[in-house]
Each structure stands twice: as structure tokens, then as C-alpha cells.
Amino acid sequence: MCDLNQILQGTDRNKIITPIEKSITSTRQAQTLKNEIRPTEAKIQTRPNLVHIYKSKITSIAVQKVTVQQNSIGHYDICVRSNSKAWVVRKRFKQFQDLHQQLTLNFWWKKLPPFPSKHSKLLIDHTNMDFLEVSSLNENETQRRALLDNYCKKLIRNKKFCAWPQLIIFFRSDCTTKNFQLGQCPHLTGDINCPNVAIPIPLEKGFGSGIQKEIPLEPKNILSGKDTPQNLQEVNSNKNNFS
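Below, the structure is given as C-alpha cells:
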């Protein structure tokens, strides 16, 4: 046996004190981690819509049409389906660019789908519908809407991208706003018909928030009550499934 001096001064000190120190350190680390998690849990509890969004899975998507608003900026209507629900979000090209940059930063090791190039405003009028919309007479015409549609479809086909929370929020963030307009999603090219769905009115500017200003529809088209993604009109899952 070793005496107390050997324990305190010699190498035997590590045999007894080190496990105790490790235990104390582990306890402190666990408490620190718990304290770091608590604010995140509080944020989720105060925003229950996010819980629903993170559990969602986008099953099909189509950048269906483009419109030019009074501010002469083009906005793209995106028809999205998640299991038995369908809705429409409206985004600007700049928001797609922001999304692509975020994907590039977070998935730098993966090859991303090709993103449409930004043409110079000096050479091309971006409010020209011939530029924004795809010509039905020429399938090979590389117009922006078709390229964005192809880009979005490739994103959701990739399991890594499709499970990324920011991508889910991008295509669902507008659905958490307080005001909705009823509208009809046009027929999706080639695969399905999307029935009447809720078109959200974005309320603020920023990444994934939609547009700054929208032309209001008639008051009778405004929905009231608790406007969460659950309020979106149900779609019969047995009809017109996405391919």
C-alpha cells in the first residue's frame, strides 16, 4: 500500500484524482450542453409551426408560372405538394440565388444542380414576359422559369438536400404568414393537375419570405383564423399523384 504522501506527491495521485476530475468535467460539460439546448427548445416551443415544417417532406414541386408585379419585378409561383397537402409559394429570383448560396456553403462537398445565370439588365429586359416565360413552341429554349423548375426538381430528388431544414422552410415559410389568398394553381406541365390551393401573402422582406408588396385580391378571398400550414386546403391523395 502507498501512504498519503505518495498519493499526494507521487505518480499514484493520478490513479485516484484523475477519474474524479474526469467525472466532474463530464458533469460540467453535460450541464453546459443542457444549458445550450434549452434556448433552442424554447424557440421551438414558441414557434410550433416550425415543428410541423421540420417533419414535412416535399414530395413534388413545380415552378409553374411567372408574373410581373406593379414594381416591375418578376415573381415565380411554385406549386408544392407534401403528401396530401398542396400549396403555392411566390418567390423572386434573388431569393433563389440566396438559397443556392446557402446550399453551396452547407454542401460544399456535393455537386449542386446547375443554377440559371443572371443576365445583365443592360442587355435584357427582365420584365419582358418572353424572357421570363418559356415558349411552348421551342422545348430547347433555356428560359429562366424552366431552368428554375428543373433546379427545384433536382433538389428535392436528392435525399440530403430534401432533408435540409432551410430548404423545407424556403418552400414553406410563406405558409406561416397570417394572411392567405385563395387562388388556382395552373395545370402542372405533364404530370398532374393541382387543385385550388392557398396562395400566401408574404409580409416581410428577406431570405425565404416572398415578396415585399403584392396586389391585393377581393376581400372575400382572404382567409381568417389561425393560418398555419394545417389550414391549407386538403388535396385528395388518391387523385393525380406526383410522379
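Residue numbers (the numbering used here): 2 to 244. Using N, Cα and C, we set each Cβ at its ideal position, and we do this for glycine too.
Practice task
Quick one: give me the first and last residue of the alpha helix (DSSP H) that residue 147 is part of.
Solution key: From DSSP, the alpha helix (DSSP H) with residue 147 extends over 145-158.
Problem - First through last residue of the beta strand (DSSP E) which encompasses residue 62 - result: For residue 62, the enclosing beta strand (DSSP E) stretches over residues 61-69.
Practice task
Find out if the Cβ-Cβ distance for the pair residue 89, residue 59 is shorter than 8 Å.
Solution key: Not in contact: residue 89 and residue 59 (Cβ atoms no closer than 8 Å).
Practice task
May I ask you to report which of helix, strand or coil DSSP gives residue 74?
Solution key: Three-state DSSP puts residue 74 in coil, outside helix and strand.
Handout entry: First and last residue of the uninterrupted beta strand (DSSP E) at residue 86
Key = DSSP places residue 86 inside the beta strand (DSSP E), whose first and last residues are 86-93.
Exercise for the section: Using only alpha-carbon positions, find the residue among 69, 67, 66 and 97 that is nearest to residue 170. Expected result: Of the candidates 69, 67, 66 and 97, the residue whose Cα lies closest to the Cα of residue 170 is 97.
Handout entry: Whole-angstrom distance between residue 166 and residue 93, CA atom to CA atom
Key = Their Cα atoms are separated by approximately 20 Å.
Handout entry: Status (buried if at least 16 other CB within 10 Å, exposed otherwise) for residue 85
Key = Label assigned to residue 85: exposed.
Problem - residue 171: first and last residue of the uninterrupted alpha helix (DSSP H) it sits in - result: Unbroken alpha helix (DSSP H) run through residue 171: 166-171.
Handout entry: Exposure of residue 63, with buried meaning 16 or more beta-carbon neighbours within 10 Å
Key = With 16 or more neighbouring CB atoms inside 10 Å of its own CB, residue 63 falls in the buried class.
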